[in-house]
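Student: Here it is: the structure, laid out below.
Protein chains: 2
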Amino acid sequence: MGFEGVEIFENDFLVHDLKPKEIKKIVSDYGLQISLFQPFRDFEGMPEPYRSRAFDRAKKKFDIMNELGAKTILVCSNTSNLAVGGIDRAADDFNELGEIAKNQNIFIGYEALAWGKYISDHRDAWEIVRRTNHNNVGIILDSFHTLSRDVNLDSIASIPKEKIFIVQIADAPKYNMDLLFWSRHFRNMPGQGDLNVLGFMQNLYNTGYDNWISLEIFNDQFRKDNRDVIAKDGYRSLINLTKKNEIVERTKIEKIEFLEFSVKKEDLDIIQALFNSLGFVKVGHHKTKNIILYVFGNVKFIINAEIASNEKNGKFNPYAFGLVVDNVQSTLKRCEALKVKNVKNYYLNNEFKMNLIEDNGQYIFLIDNNNNNKNWQSDFNFIDQKNQNLNLEFDHIAISVEHSTLLSSVLFYKSLFECKKTSNTDIIDPSGITKSHVIENKSKTFKIVINSAENDETLTGQLRPKKYISNIQHIALRTDDIFELSKQIQDLGLETLKISDNYYDDIDAKFGLETSILEKIKKNNILYDEDNEGYFFQIYTTLINNSFFFEFVQRNHGYEGYGANNAIFRISAQKKLIHGSRT
Amino acid sequence: MGFEGVEIFENDFLVHDLKPKEIKKIVSDYGLQISLFQPFRDFEGMPEPYRSRAFDRAKKKFDIMNELGAKTILVCSNTSNLAVGGIDRAADDFNELGEIAKNQNIFIGYEALAWGKYISDHRDAWEIVRRTNHNNVGIILDSFHTLSRDVNLDSIASIPKEKIFIVQIADAPKYNMDLLFWSRHFRNMPGQGDLNVLGFMQNLYNTGYDNWISLEIFNDQFRKDNRDVIAKDGYRSLINLTKKNEIVERTKIEKIEFLEFSVKKEDLDIIQALFNSLGFVKVGHHKTKNIILYVFGNVKFIINAEIASNEKNGKFNPYAFGLVVDNVQSTLKRCEALKVKNVKNYYLNNEFKMNLIEDNGQYIFLIDNNNNNKNWQSDFNFIDQKNQNLNLEFDHIAISVEHSTLLSSVLFYKSLFECKKTSNTDIIDPSGITKSHVIENKSKTFKIVINSAENDETLTGQLRPKKYISNIQHIALRTDDIFELSKQIQDLGLETLKISDNYYDDIDAKFGLETSILEKIKKNNILYDEDNEGYFFQIYTTLINNSFFFEFVQRNHGYEGYGANNAIFRISAQKKLIHGSRT
Numbered sequence: 000m001g002f003e004g005v006e007i008f009e010n011d012f013l014v015h016d017l018k019p020k021e022i023k024k025i026v027s028d029y030g031l032q033i034s035l036f037q038p039f040r041d042f043e044g045m046p047e048p049y050r051s052r053a054f055d056r057a058k059k060k061f062d063i064m065n066e067l068g069a070k071t072i073l074v075c076s077n078t079s080n081l082a083v084g085g086i087d088r089a090a091d092d093f094n095e096l097g098e099i100a101k102n103q104n105i106f107i108g109y110e111a112l113a114w115g116k117y118i119s120d121h122r123d124a125w126e127i128v129r130r131t132n133h134n135n136v137g138i139i140l141d142s143f144h145t146l147s148r149d150v151n152l153d154s155i156a157s158i159p160k161e162k163i164f165i166v167q168i169a170d171a172p173k174y175n176m177d178l179l180f181w182s183r184h185f186r187n188m189p190g191q192g193d194l195n196v197l198g199f200m201q202n203l204y205n206t207g208y209d210n211w212i213s214l215e216i217f218n219d220q221f222r223k224d225n226r227d228v229i230a231k232d233g234y235r236s237l238i239n240l241t242k243k244n245e246i247v248e249r250t251k252i253e254k255i256e257f258l259e260f261s262v263k264k265e266d267l268d269i270i271q272a273l274f275n276s277l278g279f280v281k282v283g284h285h286k287t288k289n290i291i292l293y294v295f296g297n298v299k300f301i302i303n304a305e306i307a308s309n310e311k312n313g314k315f316n317p318y319a320f321g322l323v324v325d326n327v328q329s330t331l332k333r334c335e336a337l338k339v340k341n342v343k344n345y346y347l348n349n350e351f352k353m354n355l356i357e358d359n360g361q362y363i364f365l366i367d368n369n370n371n372n373k374n375w376q377s378d379f380n381f382i383d384q385k386n387q388n389l390n391l392e393f394d395h396i397a398i399s400v401e402h403s404t405l406l407s408s409v410l411f412y413k414s415l416f417e418c419k420k421t422s423n424t425d426i427i428d429p430s431g432i433t434k435s436h437v438i439e440n441k442s443k444t445f446k447i448v449i450n451s452a453e454n455d456e457t458l459t460g461q462l463r464p465k466k467y468i469s470n471i472q473h474i475a476l477r478t479d480d481i482f483e484l485s486k487q488i489q490d491l492g493l494e495t496l497k498i499s500d501n502y503y504d505d506i507d508a509k510f511g512l513e514t515s516i517l518e519k520i521k522k523n524n525i526l527y528d529e530d531n532e533g534y535f536f537q538i539y540t541t542l543i544n545n546s547f548f549f550e551f552v553q554r555n556h557g558y559e560g561y562g563a564n565n566a567i568f569r570i571s572a573q574k575k576l577i578h579g580s581r582t
Numbered sequence: 000m001g002f003e004g005v006e007i008f009e010n011d012f013l014v015h016d017l018k019p020k021e022i023k024k025i026v027s028d029y030g031l032q033i034s035l036f037q038p039f040r041d042f043e044g045m046p047e048p049y050r051s052r053a054f055d056r057a058k059k060k061f062d063i064m065n066e067l068g069a070k071t072i073l074v075c076s077n078t079s080n081l082a083v084g085g086i087d088r089a090a091d092d093f094n095e096l097g098e099i100a101k102n103q104n105i106f107i108g109y110e111a112l113a114w115g116k117y118i119s120d121h122r123d124a125w126e127i128v129r130r131t132n133h134n135n136v137g138i139i140l141d142s143f144h145t146l147s148r149d150v151n152l153d154s155i156a157s158i159p160k161e162k163i164f165i166v167q168i169a170d171a172p173k174y175n176m177d178l179l180f181w182s183r184h185f186r187n188m189p190g191q192g193d194l195n196v197l198g199f200m201q202n203l204y205n206t207g208y209d210n211w212i213s214l215e216i217f218n219d220q221f222r223k224d225n226r227d228v229i230a231k232d233g234y235r236s237l238i239n240l241t242k243k244n245e246i247v248e249r250t251k252i253e254k255i256e257f258l259e260f261s262v263k264k265e266d267l268d269i270i271q272a273l274f275n276s277l278g279f280v281k282v283g284h285h286k287t288k289n290i291i292l293y294v295f296g297n298v299k300f301i302i303n304a305e306i307a308s309n310e311k312n313g314k315f316n317p318y319a320f321g322l323v324v325d326n327v328q329s330t331l332k333r334c335e336a337l338k339v340k341n342v343k344n345y346y347l348n349n350e351f352k353m354n355l356i357e358d359n360g361q362y363i364f365l366i367d368n369n370n371n372n373k374n375w376q377s378d379f380n381f382i383d384q385k386n387q388n389l390n391l392e393f394d395h396i397a398i399s400v401e402h403s404t405l406l407s408s409v410l411f412y413k414s415l416f417e418c419k420k421t422s423n424t425d426i427i428d429p430s431g432i433t434k435s436h437v438i439e440n441k442s443k444t445f446k447i448v449i450n451s452a453e454n455d456e457t458l459t460g461q462l463r464p465k466k467y468i469s470n471i472q473h474i475a476l477r478t479d480d481i482f483e484l485s486k487q488i489q490d491l492g493l494e495t496l497k498i499s500d501n502y503y504d505d506i507d508a509k510f511g512l513e514t515s516i517l518e519k520i521k522k523n524n525i526l527y528d529e530d531n532e533g534y535f536f537q538i539y540t541t542l543i544n545n546s547f548f549f550e551f552v553q554r555n556h557g558y559e560g561y562g563a564n565n566a567i568f569r570i571s572a573q574k575k576l577i578h579g580s581r582t
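If you're matching them up, the sequences are chains A and B in order. By numbering that gives the first Met the number 0, the letter at position 187 of the first sequence is numbered 186, and the numbering carries on one by one without gaps. By numbering that gives the first Met the number 0, the letter at position 63 of the second sequence is numbered 62, and the numbering carries on one by one without gaps.
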């Protein structure tokens, strides 16, 4: 998977039947080095007779390490109630252990556990190592232990790089809980959580450090997950942490250019009828293939009847989108570094060969900003079209992924593109929790919502692409005049999602809207929300193919959210469509 | 399921298509009352214009409540950043709202959220209610909000019972984390967690309170679980909280009397050979049925070849155990109150009719302590037997349950018997976490370990009874001389679980055992552990039928644990048996 070394966690070794030398050979046969043997607990500051026993224990472990071919051992700060404090006492213990280690050709790295009894801060661990003043004793830094306690990161830069024996890296969602519990259950890959791992790395690189960067992740979910996905994400997270200029930078996204739907030839009429009812207009046919281009304002939909032979497709589904990026070639280079799949020669025999990438089942076409944006349209013959009096923009796309690939999907977007996770919401579906992460670029011209449900009884779970090629769950299109748009789509016969009267009574009580506005949104099944800045309108279509839906939104006075407060009402209404209303 | 009322959580109502009056009718048709409408947020201490809007909002909700037939509304303490503090200001707001409520025939219950901005303690909420001094305004207590902040429980007894409008009850595992996060994700049924709910109830009953006791549980797991199990557990947890003498008390367990195995007739030879190799001796045959009694010291095993026709059985499996209790009739009465299944007439045509109960797939025979314990043996003809020079006792039984029934199983034992959950360990299986809860009676003559795995890749998950009637995973038998016992079973040809050499190197480093002892335990695959009190020996058998195993243990100098430190070694060795060792 691209890794160069492996830490041997002691318990994994202990349960193994093979002798240390045999394990050494296996590791070496895989082309790996053993970067660390760990952990060695409850060493420093022990009173007798525990002190002598700890030294005996260490000697025995050093013997085994030499058989294993492991040069460095992690000693974590003491958590034992028997331990006695004192920087100098600890330094004396490490100096004595350093002499033993020297004789056995072992290096000792001391790490401050965030919940250590006396030493819980890397600055104190460093002071002990500094006073120990022994070539075989250094410090081990772990981003979680430092970031979870908000230890000042500048302090890292003052440690000489040769005294940093190894650096362990982990991220985590920002929870306010017992540090040990948080660490044992919720760590995740750098970039998947909320900690300032990049800031930590920047300070580390300022020391000139160029030794191991190691992932140390404890996560309940990861234990159950697909190990290939976990390994891929771990590797990517390390790529993201490399020094500037080592690897081509993340790509800037300009905008979503189009959304492509796959369709079976016999269902071409149905999807075209749907697009017509959404207010879209047919503007072109592909010159050589059964591909049709529809447009509404700045939103382009492509219907592709060439790939629907794929068994995984339903009647028709959105399965890919096109992104305008600042440089396709450098994007592809970064894809290669990140092991993102480059689907070659997808549009065979086309004049304009678009690049297609794929990850976790998500297909993305890349379009170069430097060329004329319209180049890809050179494959199409254009036809006359009637004028549309409303504009429309892509607002955001929501995808629905398996719970086990939620963080993987977040990491994919953050690794490849210049974008950030801007929010993280739990949506309470009556059958379980749906987690919703929002990824946005800085200019907010690219916004993707990644939803995952813990179980399949939730709506998100039900819409998860078990039989569809795509994981696109809904497409939100932005208008400046939701009421005019609502009128148009009703005239065109589009069915919108019926929202309960009780919802509007509550909106009335909550926001005190003018009666005329309230009546209007109720009549048109428009949902309403406010944030500190502005207000928001939403209309949902009914479920299409029981797998995806459209949303029209209007953002007023800088509303920045996604109507998360309304999600339960949307979900409830959609569930009724699937199951029928229980009365 | 036995409940008398239902709280209407506002969002559940809002997403519903039916009008309030129609919902009122449904609730009433189910024979239920609406005990509460909730929550009403961010009311007290708001500055204008929010204050007026909050009053308007309340009036609208009161109208809806009257249509719904809900008399009481929960107003939770304000969490808004806009709110202004002050007991008297809040009391004034409530007095004004109380007048409005009075006119609309509504009662207002004020609850201190543990994370309220100014009011987070029920003592402060009560002071506001006291100063409000309005008949339509009272307090609502919630055990979680009080217990999570360790608020002195005596303070409850000073509230006049008529001012307590409703009491909500929840338990939770004792985690140290953000209160809101803890409350939203980890609450569970009273008796399933670690909070002092019984102490809370005792103080509540001291006020003379006799109004609603309501379960308010937010739990991620429960959302996914079987609703019948959740409802049953909720009901049981309320039965457990009833006042003294309302329901027959929990039963005292004296000991485990026997373990019963089901077997297919054609496999009788195999199971008897197994028991012989464990050192057990055949002592009797059932007078009329194909049932055989084996004994080793005080441990009795029953082989039942009469029920193996059940498709769910494998070749042979432990599926039930017999408990000596202080009173079978009162146990059965409590079973009835708790809705525990009483399997009637299980031993048809026997002289001694044993009572059998079942819950969550666990079968338990009940044997009266008042009668002669041996009565059930009157069904057997006894045969001559050779002497055994070692004694043996039941130490504990471990069952393996689905993750979703872990808490349900804990609650079952705690509800029916006088016993406690004494520990709660996470065992790190390489494929996921196995949760292990220990239930013990006071005298420790009954000990049961309930294991559940989050996924089926873990050993606990693999041993889960998908095709077996029983969930008994292992049976631990206690000896006073593990070395003599080890010799005997080896002479009898019993295969024990091979433990890795690396394990013993670590035991050596950790505990510094005498070389002779170390050699002896290593040679005999005996695992070792220490706690603050004493030390512990364990021998495991190999897996039997890929579904269960035996363990021999010796407890020295008051060791009280279960060798949890060794669990990963046992699991790893067993996994190798299932999958073959990967080298």
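For glycine and all other residues, C-beta sits at the position ideal for the given N, C-alpha and C.
Which residues mark the beginning and the end of the alpha helix (DSSP H) in which B/Cys334 is found?
Tutor: Position 335 of the second sequence, counted from the first residue, corresponds to residue 334 of chain B. That run of the alpha helix (DSSP H) goes Val327 to Leu337.
Student: Nearest to A/Asp358 by alpha carbon, out of A/Ile99, A/Ile398, A/Asn390 and A/Asp91?
Tutor: Position 359 of the first sequence, counted from the first residue, corresponds to residue 358 of chain A. Answer by Cα proximity: A/Ile398.
Student: Nearest chain B C-beta to A/Val342 closer than 9 Å, yes or no?
Tutor: Reading the first sequence from its first residue, position 343 is the one you call residue 342 of chain A. Chain B, which has no Cβ nearer than 9 Å to the Cβ of A/Val342, makes this no.
Student: Quick check on the burial criterion: 16 or more other C-beta atoms within 10 angstroms. Buried or exposed for A/Tyr467?
Tutor: The residue you call residue 467 of chain A lines up with position 468 of the first sequence. The predicted position of A/Tyr467 is uncertain, since its pLDDT is 47 and thus under 50; no value can be drawn from it.
Student: Round the Cβ separation of A/Thr459 and A/Asp428 to the nearest angstrom and send it over; I've been treating them as touching at under 8 Å.
Tutor: Here residue 459 of chain A corresponds to residue number 460 of the first sequence, with the count starting at 1. Here residue 428 of chain A corresponds to residue number 429 of the first sequence, with the count starting at 1. The Cβ separation is near 7 Å, so the contact holds.
Student: Does the Cβ-Cβ distance between A/Leu496 and A/Ala563 come in under 9 Å?
Tutor: For this step, residue 496 of chain A is matched to residue 497 along the first sequence. For this step, residue 563 of chain A is matched to residue 564 along the first sequence. In this structure, A/Ala563 does not lie closer than 9 Å to A/Leu496 by Cβ.
Student: Measure from the alpha carbon of B/Ile238 to the alpha carbon of each residue in B/Phe221, B/Lys223, B/Glu259 and B/Ile212, then state which is nearest.
Tutor: Working through the second sequence from its first residue, we reach residue 238 of chain B at position 239. Nearest of B/Phe221, B/Lys223, B/Glu259 and B/Ile212 to B/Ile238, Cα basis: B/Ile212.
Student: Counting only beta-carbon separations shorter than 9 Å, does B/Lys23 have a partner in chain A?
Tutor: If you number the second sequence from 1, residue 23 of chain B lands on position 24. Not one chain A Cβ lies under 9 Å of B/Lys23.
Student: Hey, how far is the Cα of A/Glu310 from the Cα of A/Val262?
Tutor: Here residue 310 of chain A is taken as the residue at index 311 of the first sequence, counted from 1. Here residue 262 of chain A is taken as the residue at index 263 of the first sequence, counted from 1. With a pLDDT of only 46 at A/Glu310, under 50, the local geometry of the prediction cannot be trusted, and the value read off the model is given with reservation. When rounded, the distance between both Cα atoms is 11 Å.
Student: Exposed or buried, A/Val409, counting other C-beta atoms within 10 Å across all chains shown (16 or more means buried)?
Tutor: Position 410 of the first sequence, counted from the start, is the residue given in the question as residue 409 of chain A. It is buried - the Cβ of A/Val409 has at least 16 other Cβ atoms within 10 Å.
Student: Given that a residue counts as buried once 16 or more other Cβ atoms are within 10 Å of its Cβ, and exposed if not, what is A/Met188?
Tutor: For the purposes of this step, residue 188 of chain A is identified with residue 189 of the first sequence, where counting begins at 1. Under this definition A/Met188 is a buried residue.
Student: Measure the alpha-carbon distance for B/Ile363 versus B/Phe320 and round it to whole angstroms.
Tutor: Numbered from 1 along the second sequence, position 364 holds the residue referred to as residue 363 of chain B. Numbered from 1 along the second sequence, position 321 holds the residue referred to as residue 320 of chain B. The straight-line gap from Cα to Cα measures roughly 5 Å.
Student: Using the C-alpha atoms, what's the distance from A/Glu245 back to A/Glu98?
Tutor: Position 99 of the first sequence holds residue 98 of chain A. Position 246 of the first sequence holds residue 245 of chain A. Between A/Glu98 and A/Glu245, the C-alpha separation is close to 38 Å.
Student: When you check each C-beta in the segment 433–454 of chain B against every C-beta of chain A, which residues fall closer than 8 Å?
Tutor: For the segment 433–454 of chain B, residues whose beta-carbon sits nearer than 8 Å to a beta-carbon of chain A comprise Glu453 and Asn454.
Student: Around the C-beta of A/Pro19, are 16 or more other C-beta atoms found within 10 angstroms, so that it is buried, or is it exposed?
Tutor: For the purposes of this step, residue 19 of chain A is taken as residue 20 along the first sequence, with counting starting at 1. By the 10 Å Cβ count, A/Pro19 comes out buried.
Student: Excluding sequence positions up to five away, which residues of its chain have a Cβ less than 8 Å from the Cβ of B/Leu491?
Tutor: To locate residue 491 of chain B, count along the second sequence from 1; it is residue 492. These residues qualify, in order along the chain: Asn275, Ser276, Leu277 and Gly278.
Student: CB-CB under 7 Å to A/Trp375, same chain, minus the five flanking residues each way: which ones, in chain order?
Tutor: By 1-based counting over the first sequence, the position of residue 375 of chain A is 376. Closer than 7 Å at the Cβ level, and outside the excluded window around A/Trp375, lie Phe351, Met353 and Ile366.
Student: Looking at C-beta atoms only, is the number of pairs between the segment 284–304 of chain A and the segment 385–396 of chain A that lie closer than 8 Å three or more?
Tutor: Yes, the segment 284–304 of chain A is in contact with the segment 385–396 of chain A.
Student: Pull up the distance between the alpha-carbon of A/Thr145 and that of A/Phe185, whole angstroms please.
Tutor: As a working mapping, residue 145 of chain A is identified with position 146 in the first sequence. As a working mapping, residue 185 of chain A is identified with position 186 in the first sequence. One C-alpha to the other measures close to 16 Å.
Student: Exposed or buried, B/Val342, counting other C-beta atoms within 10 Å across all chains shown (16 or more means buried)?
Tutor: For the purposes of this step, residue 342 of chain B is taken as the residue at position 343 of the second sequence. Exposed is the call here.
Student: Could you tell me whether the segment 499–509 of chain B touches the segment 479–489 of chain B, where touching means 3 or more Cβ pairs closer than 8 Å?
Tutor: no
Student: If I follow the unbroken beta strand (DSSP E) through A/Ser422, where does it start and stop?
Tutor: For this step, residue 422 of chain A is matched to residue 423 along the first sequence. Segment Lys419 to Asp428, the beta strand (DSSP E) holding A/Ser422.
Student: Below 8 Å on the Cβ atoms is my guess for B/Asn151 versus B/Gly115; work out the distance and round it to an integer in Å.
Tutor: Sequence index remark: in the second sequence, residue 151 of chain B carries index 152 (1-based). Sequence index remark: in the second sequence, residue 115 of chain B carries index 116 (1-based). B/Asn151 to B/Gly115, Cβ: 18 Å. No contact.
Student: Determine the direct distance from the alpha carbon of B/Asp505 to that of A/Leu73, and round the result to whole angstroms.
Tutor: For the purposes of this step, residue 73 of chain A is taken as the residue at position 74 of the first sequence. For the purposes of this step, residue 505 of chain B is taken as the residue at position 506 of the second sequence. Going by the C-alpha atoms only, they are around 16 Å apart.
Student: Using C-beta distances below 7 Å, list every residue in its chain close to A/Met0, excluding the 5 sequence neighbours before and after it, in chain order.
Tutor: Working through the first sequence from its first residue, we reach residue 0 of chain A at position 1. Contacts found: Ala230, Lys231 and Tyr234.
Student: For A/Phe445 and A/Lys254, what's the separation of their Cα atoms in angstroms?
Tutor: Working through the first sequence from its first residue, we reach residue 445 of chain A at position 446. Working through the first sequence from its first residue, we reach residue 254 of chain A at position 255. Answer to the nearest angstrom: the Cα atoms are 6 Å apart.
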